[in-house]
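Trainee: Mind looking over this structure? Questions follow.
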Amino acid sequence: MHLSRALFSARENSDWLNFSFNTQVQSVLEKGYTAFCSTINDSVATAFGLEDTLRPDAFETVTKLRERGISVHLLSGDDDGPVGSVAGQLGIAAQNIRSRCTAADKQAYIQALTAPTPLSPSKRNQPPTTIFVGDGTNDAVALATAMIGVHMNQETGSEVAKSAADVVLMRPSLLSVLIRIRISEKAVRRIQFNFGWSFVYNLFAVLLGAGAFVNARISPEFAGLGELVSVLPVVAAAVLLRWDRV
């Protein structure tokens, strides 16, 4: 028996297959689901409605980010309905969400966020810090484009996305993003303290060596301790960071 026509099947997002206006697909989209289609010979055979559940810590993470003055955006390859629903539950503004995004769309969006604006010429050399969090292959380009790419390490995570990220979270918890931000802030403050201490100490040492303090004298046998005194606070500040509560 010979078949006069070969059968080809595909399983993709309905928008990628240009079936968003199909009757079966429309009924799924109207319910706020992401439509996943199975086709045979370019005809829709079945349409499935997919829905993601929010992570338990998602709302808390977004709320705390906004409290810190950080603008939160949502980029997704899903359809308008599911993306809008998730954004509504998280309290993300409508102008900060994009649905049906390809990898190139996400990259372009991040580049637009960091582009200098005519209204702030003084900040043209200081683009905003962008942090992109993702775990899929579709996120790899955006992870590499953002100033800081954070990969959520989990069983379903993509190795391509992991290799493109700057930071890989070993725990699949969004609250880890807040922890990393606090650690970074504390590390910066330690660096600032170290520079400040070094400046003050060396200024005092130079003035002392130049004889600015007439009545101050240090015996030669104790002069070598000066280097130790300058280093100990720096080392102590770095070591204490390990036990700081974040």
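Counting in the working numbering, the sequence shown runs from 234 upward without gaps.
Virtual Cβ for every residue (Gly too), placed ideally from N, Cα, C.
Note that the structure is a prediction, hence the values are computed from the model and not measured.
Alpha carbons only, please: which of Ala379, Thr335, Tyr342, Ala336 is nearest the one belonging to Gln328?
Mentor: Tyr342
Trainee: I believe Ala336 touches Val383 by the beta-carbon criterion, under 8 Å. Please report the beta-carbon distance rounded to the nearest angstrom.
Mentor: Between Val383 and Ala336 the Cβ distance is about 17 Å, and since that is not below 8 Å, they are no contact.
Trainee: Mapping the DSSP letters down to three states, classify Ala375 as helix, strand or coil.
Mentor: helix
Trainee: How would you call Thr378, buried or exposed, if buried means at least 16 neighbouring beta carbons within 10 angstroms?
Mentor: When all chains shown are included, Thr378 counts as buried.
Trainee: Would you verify that the beta carbon of Phe455 is, or is not, closer than 8 Å to some beta carbon of chain D?
Mentor: Looking at the structure shown, chain D is missing, and only one protein chain is on hand.
Trainee: Decide if Arg238 is buried, meaning its Cβ has at least 16 other Cβ atoms within 10 Å, or exposed.
Mentor: Note on Arg238: pLDDT 36, under 50, position unreliable in the model; the coordinate value appears next. Exposed, since its Cβ has fewer than 16 Cβ neighbours within 10 Å.
Trainee: So, at 7 Å on beta carbons, what are the nonlocal neighbours of Ser332 in its own chain, with the 5 sequence-adjacent residues on each side left out?
Mentor: Cβ neighbours of Ser332 within its own chain (closer than 7 Å, five residues either side excluded): Ser309, Asp311, Asp312, Asp313, Val316.
Trainee: What's the call for Leu473, buried or exposed, on a 16-neighbour Cβ count within 10 Å?
Mentor: exposed
Trainee: With DSSP collapsed to three states, give me the class of Ala443.
Mentor: coil
Trainee: Taking all protein chains shown into account, do 16 or more other C-beta atoms lie within 10 angstroms of the C-beta of Asp372, making it buried, or fewer, making it exposed?
Mentor: buried
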